[in-house]
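Start counting the sequence shown at 23; every next residue gets the next number (the working numbering).
The next block holds one structure in the form of structure tokens; read it before the comments.
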Amino acid sequence: MLSLKDIKKDYVVGDSTVSALKGVSIDFRENEFVSILGPSGCGKTTLLNIIGGLDRYTSGDLNINGKSTKDFKDCDWDSYRNHSIGFVFQSYNLIPHQTVLSNVELALTLSGVSKSERRERAVKALEQVGLGDQLHKKPNQMSGGQMQRVAIARALVNEPDILLADEPTGALDTETSVQIMELLKSISKDKLIIMVTHNPELAMKYSSRIIKLLDGKVIDDSDPLDKNVVEPIKKPEKEPTKADKKAAKKERKKLKTSMNFLTALSLSRNNLMTKKARTLLTSFAGSIGIIGIALILSISNGVQLYIDQVQSDTLSSYPLQITKTTASIGEIMNTMAKNHEDSANHDKDKVYSQNAMGEMINTLMEETKVNNLEKFKKYLDDNSDLKDLTSDVQYTYATTLNVFTESDSGVMQVNPSTLLEDMGYMSSTQMEAMSMSGSMGGMMGMGTDVWSEMIDNEELIDKQYDVIAGRLPEKYNEVVLVVDKNNEINDYVLYSLGLLDPSSLNGIVRRAMAGEDISVDSKQHVYTYDELLDLKFKVVPTPDFYKKKDGVWEDMTGDESYMKKAVANGTEISVVGILRPDEDASSASISGAIGYRHDLMTYLIDEVDNSEIVKEQIANPDIDVFTGLKFKTDENAADTDSSSETVSDSTADTESKADKTADSSDTDKKAGLVAGDSSMEIPEGMTEEQYKALMEQSGASDTGELADMGMNAMGSMDMSAIQGGDMSSLTETQKKYIASLSDEQMELMKQMLKEQSDTNADQLANSGKYSTSNYDNNMKTLGYSVVEDPDSINIYPVDFASKEKIIDIIDDYNDSVGEEDKIEYTDYVGLMMSSITSIINAISYVLIAFVAISLVVSSIMIGIITYISVLERTKEIGILRSIGASKRDISRVFNAETVIVGFVAGALGIIISYLLTIPINMIIAHLTDVPIRASIPVSAAVILIAISVCLTLIAGLFPSRVAAKKDPVIALRTE
Numbered sequence: 023m024l025s026l027k028d029i030k031k032d033y034v035v036g037d038s039t040v041s042a043l044k045g046v047s048i049d050f051r052e053n054e055f056v057s058i059l060g061p062s063g064c065g066k067t068t069l070l071n072i073i074g075g076l077d078r079y080t081s082g083d084l085n086i087n088g089k090s091t092k093d094f095k096d097c098d099w100d101s102y103r104n105h106s107i108g109f110v111f112q113s114y115n116l117i118p119h120q121t122v123l124s125n126v127e128l129a130l131t132l133s134g135v136s137k138s139e140r141r142e143r144a145v146k147a148l149e150q151v152g153l154g155d156q157l158h159k160k161p162n163q164m165s166g167g168q169m170q171r172v173a174i175a176r177a178l179v180n181e182p183d184i185l186l187a188d189e190p191t192g193a194l195d196t197e198t199s200v201q202i203m204e205l206l207k208s209i210s211k212d213k214l215i216i217m218v219t220h221n222p223e224l225a226m227k228y229s230s231r232i233i234k235l236l237d238g239k240v241i242d243d244s245d246p247l248d249k250n251v252v253e254p255i256k257k258p259e260k261e262p263t264k265a266d267k268k269a270a271k272k273e274r275k276k277l278k279t280s281m282n283f284l285t286a287l288s289l290s291r292n293n294l295m296t297k298k299a300r301t302l303l304t305s306f307a308g309s310i311g312i313i314g315i316a317l318i319l320s321i322s323n324g325v326q327l328y329i330d331q332v333q334s335d336t337l338s339s340y341p342l343q344i345t346k347t348t349a350s351i352g353e354i355m356n357t358m359a360k361n362h363e364d365s366a367n368h369d370k371d372k373v374y375s376q377n378a379m380g381e382m383i384n385t386l387m388e389e390t391k392v393n394n395l396e397k398f399k400k401y402l403d404d405n406s407d408l409k410d411l412t413s414d415v416q417y418t419y420a421t422t423l424n425v426f427t428e429s430d431s432g433v434m435q436v437n438p439s440t441l442l443e444d445m446g447y448m449s450s451t452q453m454e455a456m457s458m459s460g461s462m463g464g465m466m467g468m469g470t471d472v473w474s475e476m477i478d479n480e481e482l483i484d485k486q487y488d489v490i491a492g493r494l495p496e497k498y499n500e501v502v503l504v505v506d507k508n509n510e511i512n513d514y515v516l517y518s519l520g521l522l523d524p525s526s527l528n529g530i531v532r533r534a535m536a537g538e539d540i541s542v543d544s545k546q547h548v549y550t551y552d553e554l555l556d557l558k559f560k561v562v563p564t565p566d567f568y569k570k571k572d573g574v575w576e577d578m579t580g581d582e583s584y585m586k587k588a589v590a591n592g593t594e595i596s597v598v599g600i601l602r603p604d605e606d607a608s609s610a611s612i613s614g615a616i617g618y619r620h621d622l623m624t625y626l627i628d629e630v631d632n633s634e635i636v637k638e639q640i641a642n643p644d645i646d647v648f649t650g651l652k653f654k655t656d657e658n659a660a661d662t663d664s665s666s667e668t669v670s671d672s673t674a675d676t677e678s679k680a681d682k683t684a685d686s687s688d689t690d691k692k693a694g695l696v697a698g699d700s701s702m703e704i705p706e707g708m709t710e711e712q713y714k715a716l717m718e719q720s721g722a723s724d725t726g727e728l729a730d731m732g733m734n735a736m737g738s739m740d741m742s743a744i745q746g747g748d749m750s751s752l753t754e755t756q757k758k759y760i761a762s763l764s765d766e767q768m769e770l771m772k773q774m775l776k777e778q779s780d781t782n783a784d785q786l787a788n789s790g791k792y793s794t795s796n797y798d799n800n801m802k803t804l805g806y807s808v809v810e811d812p813d814s815i816n817i818y819p820v821d822f823a824s825k826e827k828i829i830d831i832i833d834d835y836n837d838s839v840g841e842e843d844k845i846e847y848t849d850y851v852g853l854m855m856s857s858i859t860s861i862i863n864a865i866s867y868v869l870i871a872f873v874a875i876s877l878v879v880s881s882i883m884i885g886i887i888t889y890i891s892v893l894e895r896t897k898e899i900g901i902l903r904s905i906g907a908s909k910r911d912i913s914r915v916f917n918a919e920t921v922i923v924g925f926v927a928g929a930l931g932i933i934i935s936y937l938l939t940i941p942i943n944m945i946i947a948h949l950t951d952v953p954i955r956a957s958i959p960v961s962a963a964v965i966l967i968a969i970s971v972c973l974t975l976i977a978g979l980f981p982s983r984v985a986a987k988k989d990p991v992i993a994l995r996t997e
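Right, here's the structure in full:
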């Protein structure tokens, strides 16, 4: 079974070599009780350690079941100790922080035995040594004899073939020693027990064989194995086959010992729990670096959140703007600067003029281009990445939002606002320009209009505003009123909305400049939320301002009565909420005092597109619907020969006069009939009987009187009102006259009016005169727009990084299309804040440097702490190695300890950092008005704990390797 052949063991001490064993050869039986006696230093313990695989022999051979151990690797020795050897030491060598049961189970854990079987076998082993009722005690709660019994149970639990006992009774009293020896003797019936002792009496009484050593040599063997007939061990006659080698390898792998990480965690946790105060202090020391990092990150996160909010708020006010007609401001400035530098090539003895105006005009014309927004909009709509990069993509149109308010005194235009013009502050042209500038997101200053489209991002609006009354709009005909942070509304807004009387400001600027004494209402007015939520407005499409008269469309905005009706028939708009900017918001996305939804504009576009005047203009693209004249084109604008023109005009005039005479004659007859003039000739196409019946119906008993009344009434009558059925604009006399007409006369009148209207329109269109407008201007005047072809596109990036990606998307589009479809855009934020990215990066680099320093300090400290733990647990290392733990298992134990310390340090650091952010925020709030709130994101906290664990694990790699390399024999001697 076990055979030692000429075993020698030498130790190198400095320059000298000490021989502990000098050619020891012993054969052992499978079951016997062998005692090895000899004085101290004779090599007893060295021999025992070599047999147990804790120490390596210098030469010779150790055969186990006929197999040589000369080629054993570390893993083979580990497996041998775990499955074939059980150690019983003089000093018990129990792990103090483990319970009795856990100490016994440990060897089974290394063998890979399941938890339930492990528990069952450990309990059985303890019951076998008489400790079945002491399972959960710690070693320091037991007597010496009891601890030795635990050590024996641990040695037996894995059912080894050999039990090695090194002075098992050396630390026990006589009575207990006898009990232990009796126990060992009973075990020797089934196993080989090799005991090293200084007590020859015990050896003689209990051992079946005594071997004496002296100076590393066997000097006596009471019952050597060679007295018996034993077959000599023969070498195999042939080399093992591949199958044999594979089977042997599989068997070794099966017997390979391994400690799982949970067991390592349990060992280290129990060890750390025995030193709670020290573990806590160690973890706190390790957490200092984490606290530093966490606080830096918390402040950095607060700053970053503030910067993100500023970015989001800023970019919600200053989008990337792409207009249909645009000019690259940067290119214009660069070109003008280059031209100026190139022109300065004269002497400086005189003063020279500089052609700045000409260069500016030429450059402006060269750099101005028309963007194909219809094609670009389709590209944006199809781009799936754009949604994550933007808060909103807003499409604006040339359709004017005409808003009115009604009162007892009449109607008042609210939007576009005419307040400044009425005050005499600026002309209508200046007002239009300022209104356009206001649409640029406030880049050029405040616009004149108080109505603005809300960004279509409710989450962003929730961040920027507090709803102090009502709610956010949900329908196209709902709007919100925006107050400032002090719950105040600018009086300009109050006058514009009609909450204050704007007529009191009419001409006030002109009067002030003329030196007149003026007074302005400076009283502070107070409004309840309910009063403001009761506000109602009317939106009127631009085409509703026009009325068709005599074949052309007339602007009726000067007709008060007409405008009252138009406004009354408009779409009602309700104020459903009042918003106030959030205190922490650095900017706001709603530039006006009234915010409306985008679908109000789409609704208005549909109303305009479906209006009668727009349809007529689309159906007649060559005729101006406002004048009836043809639009001037390149063909009809060409000058003709003056003589031929004269002849042509003369002929045309002759023919025209003849036609007019005929037409007017027939028209006059019809007019006379309508007026009841019996002296008129019977019109062509009417019989005499029809004429008489018509005259009788008209009550022509006094035809002269009726004729006079009819002619007077028709002289000033609004004929288009008759056509449209609108009698409200007629006088009482006209209404009375209309009421006196029969149905036939009314139809005759309408027919006459239509013929006259068509004749007038035809005469205007063929008069040789041309409209001063064109088709596009007319459509723009009417507010005509196509949803697929916006007038401008405002892209609101989420942050500056997203803005750069959006610019890349635009550049990719420009690369994929021809020169005529390339997009020019204005990056206002880029012009204003081009250096902010560099500043943010610089701050980030500084913070990273601080973090790196903290990490290095923490890592060094954790490494030192782990190394101290290795020194403290050296004996535990020897114990683990003695029961079969590999070097890797030892490393795993200390890696588990660093993981625990790292986790506790990280968690402690995060908790302390969270607590420290409270006073930090109070200090920040006291010292500055900037709304920075230091906070540690949950994800960052988790990552920091993970970093702490990883760093302590890395820092503990060196100490754990040191632990793994420790000599188990030396480790067992450590106290």
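We treat Cβ as the ideally placed atom computed from N, Cα and C, and that holds for glycine.
Approximately 28 Å separates the beta-carbon atoms of residue 939 and residue 975; this is outside 8 Å, ruling out the contact.
Excluding sequence positions up to five before and after residue 54, its CB lies within less than 7 Å of the CB of 210, 214, 230 and 231, all in the same chain and listed in chain order. Taking C-beta atoms as the reference points, residue 884 and residue 923 count as a pair closer than 8 Å. Here residue 655 carries a coil assignment [DSSP, helix/strand/coil]. Under the three-pair Cβ rule at 8 Å, the stretch 581 to 589 counts as touching the stretch 423 to 436. Contact between the stretch 108 to 119 and the stretch 165 to 176 is present: three or more C-beta pairs spanning the two stretches fall below 8 Å. Within the DSSP secondary-structure output, residue 819 pairs in a beta bridge with 412. Rounded to the nearest whole angstrom, the CA to CA distance from residue 887 to residue 294 is 12 Å. Looking at 98, 571, 793 and 40, the one whose alpha-carbon comes closest to that of residue 63 is 40. Burial check for residue 652: the Cβ neighbour count within 10 Å reaches 16 or more, so the residue is buried.
If you look at residue 345, you'll find it in the beta strand (DSSP E) that goes 342 to 345. DSSP, reduced to helix, strand and coil, places residue 828 within a helical segment of the structure shown. Between the C-alpha atoms of residue 565 and residue 634 there is a straight-line separation of about 8 Å. Straight across, the Cα-Cα distance linking residue 580 with residue 435 is about 12 Å.
In terms of Cα proximity to residue 187, the closest of 181, 198 and 202 is 202. In the three-state scheme derived from DSSP, where H, G and I count as helix and E and B as strand, residue 649 is classed as coil. In terms of CA proximity to residue 421, 623 leads the group 984, 35 and 623.
Counting the other Cβ atoms within 10 Å of the Cβ of residue 60 gives 16 or more, which makes it buried. Scanning the stretch 177 to 231 for uninterrupted beta strand (DSSP E) segments of 3 residues or longer gives 184 to 188 and 214 to 218, listed from N- to C-terminal end. The C-beta distance from residue 897 to residue 987 rounds to 16 Å, too long to fall under 8 Å, and the pair is not in contact. Sequence-distant partners of residue 615 (beyond 5 residues in either direction) whose C-beta falls short of 6 Å from its own C-beta, in its chain, are 472, 504 and 515. A direct Cα-to-Cα measurement between residue 328 and residue 954 gives close to 6 Å. If you draw a straight line from the Cα of residue 325 to the Cα of residue 519, it is about 40 Å long. Residue 440 and residue 821 have their C-alpha atoms some 36 Å from each other. The beta carbon of residue 52 sits closer than 7 Å to the beta carbons of 23 and 214 from its chain, once the five residues preceding and following it are set aside; these are given in chain order. Each residue's CA atom was taken as its position, placing residue 225 and residue 929 some 57 Å apart.
The Cβ atoms of residue 880 and residue 308 sit closer than 8 Å to each other.
Counting every other CB atom within 10 Å of its CB across the protein chains shown gives residue 105 a total of 16 or more, marking it as buried. When secondary structure is reduced to three states using DSSP, residue 237 falls in the coil class, being assigned neither helix nor strand.
Closest by C-alpha distance to residue 298, out of 554, 119 and 918, is 119. By the CB criterion at 8 Å, residue 546 and residue 800 fall outside the cutoff. Residue pairing by DSSP puts residue 46 in a beta bridge opposite 29. Distance from the CA of residue 847 to the CA of residue 344, rounded to the nearest whole angstrom, comes to 5 Å. In this structure, residue 643 sits away from residue 792, with a CB-CB distance that is not shorter than 8 Å. Counting only unbroken stretches of 4 or more residues, the alpha helix (DSSP H) elements lying wholly within the stretch 489 to 528 are 513 to 519, in sequence order. In the DSSP assignment, residue 937 is bridged to no other residue.
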